[in-house]
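Numbering (the working numbering), first residue to last: 427 to 722.
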Amino acid sequence: MKRTAAPFLPVYALMLLVVLIVPSLIQAAEAPHVQVRLEGSRARVTFDIPGDGPVDVTVTFSDDRGPLKATRQSLSGDVGRSVAPGEGKHIYWEFLKDHPYGLMAKVLNAQVNLAGAAGDKAPPPAKGDKMTKIRIETSQGVIVAELDSQKAPVTVQNILNYVGDGFYDGTIFHRVIDGFMIQGGGFDENMETKETLPPIKNEAGNGLKNKKGTLAMARTTVVDSATAQFFINLVDNGFLDHKDETSSGFGYAVFGEVVEGLDVVEKIGKVRTGNFHGFQDVPAEPVVIEKVTVVE
């Protein structure tokens, strides 16, 4: 499973020669042991969550020039679910391009608020208690998939970030192999790639299997390299499941399952394919992902 878009590396990331670590400012329900680390185009916030209940995490940033706007958050870890004290959690935030904080800021502060933690008012429902459904409208019909945010929280949040941005609208299923899978979400009809968010943690070890009708993340040979592209299994593909921690055995992270429109998936799997711009298994007639939305 290859052919994912290359991760975007901002020019100013190359200019960041020294990693900056500073203590954060803490307000409201305090998150202990908070640290902020600049990593190229993003900030990693590490902290402990007190108590044994689920929490909602809100983080605001500022530097020596004032507030900074964070665009998206890509969660790494089960933030929003209960976590024992002392077990650190990492959350990554991407910043707007007009705030190249890695070059200019001498200090990056983060205010971390935890709602529902350490005796705060009644904790909110844990994220992942309910399945999230997305509607994938294609030129071949409609597919509805249920995403498992409990077993694949990082992956599902990543997918929903792309859905919320309209990223998938106008992309195609660019790789179709009958008897195997259909892959899409990264190329347009001219086989041009789209700029993606940073790669995410591979959650292939979550217990979900690459069975017929399941959705999984496409990636390169690097374990943690998945960005936007996903595939839908046309058959049970057990050889793609997590087996061990090695690069060859880590597997491909399943994060959801088709609940409506499996016939559409199978129909796409039968389209005629060929070579296009150096790529193999490309549908001769583009199979367009016209729109992807969250089902309320």
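We put the beta carbon where it would ideally sit given N, CA and C, even for glycine.
- For residue 688, the secondary structure class from DSSP, reduced to helix, strand or coil, is helix.
- With 16 or more other CB atoms across the displayed protein chains lying within 10 angstroms of its CB, residue 582 is buried.
- For residue 638, the CB contacts under 7 Å within the same chain, skipping 5 residues up- and downstream, are 659, 660, 661, 662 in chain order.
- The beta carbon of residue 690 sits closer than 8 Å to the beta carbons of 564, 566, 567, 568, 569 from its chain, once the five residues preceding and following it are set aside; these are given in chain order.
- Under the DSSP assignment, residue 709 falls in the beta strand (DSSP E) whose first and last residues are 705 to 709.
- Residue 588 sits away from residue 652, with the two beta carbons spaced by 7 Å or more.
- DSSP, reduced to helix, strand and coil, places residue 666 within a helical segment of the structure shown.
- Under DSSP, the beta-bridge partners assigned to residue 571 are 560, 684.
- A check of alpha carbon separations from residue 713 across 705, 656, 598, 614 identifies 598 as the nearest.
- In terms of Cα proximity to residue 688, the closest of 674, 641, 701 is 641.
- With 16 or more other Cβ atoms inside 10 Å of its own Cβ, residue 612 counts as buried.
- Nearest to residue 686 by alpha-carbon distance, out of 557, 592, 571, is 571.
- Secondary structure note for residue 641: its beta strand (DSSP E) is the uninterrupted segment 640 to 643.
- In the same chain as residue 683, and ignoring 5 residues on each side of it, the C-beta atoms closer than 6 Å to its own belong to 572, 639, 640, in chain order.
- The bridge partners DSSP lists for residue 659 are 607.
- Between the C-alpha atoms of residue 605 and residue 711 there is a straight-line separation of about 19 Å.
- With a cutoff of 7 Å on beta-carbon distance, residue 667 and residue 636 are scored as near each other.
- Residue 721: member of the beta strand (DSSP E) spanning 714 to 721, first to last residue.
- Here residue 601 is bridged, per DSSP, to 609.
- If the five residues before and after residue 695 are omitted, its C-beta is found closer than 7 Å to the C-beta atoms of 602, 604, 608, 660, all from its own chain and listed in chain order.
- Straight-line measurement puts the Cα of residue 590 at about 15 Å from the Cα of residue 715.
- Using a Cβ distance threshold of 7 Å, residue 693 and residue 595 do not count as a contacting pair.
- Residues of the same chain with a CB within less than 7 Å of the CB of residue 677, apart from the 5 flanking positions on each side, are 630, 666, 667, 668, 669 in chain order.
- In the structure shown, residue 677 falls within a coil segment according to DSSP collapsed to helix, strand and coil.
- A direct Cα-to-Cα measurement between residue 681 and residue 560 gives close to 12 Å.
- As the crow flies, the alpha-carbon of residue 649 is around 26 Å from that of residue 592.
- Residue 703 counts as exposed, since fewer than 16 other beta carbons sit within 10 angstroms of its beta carbon.
- The Cβ-Cβ distance between residue 721 and residue 600 does not fall below 7 Å.
- For residue 700, the uninterrupted beta strand (DSSP E) run begins and ends at 699 to 702, by DSSP.
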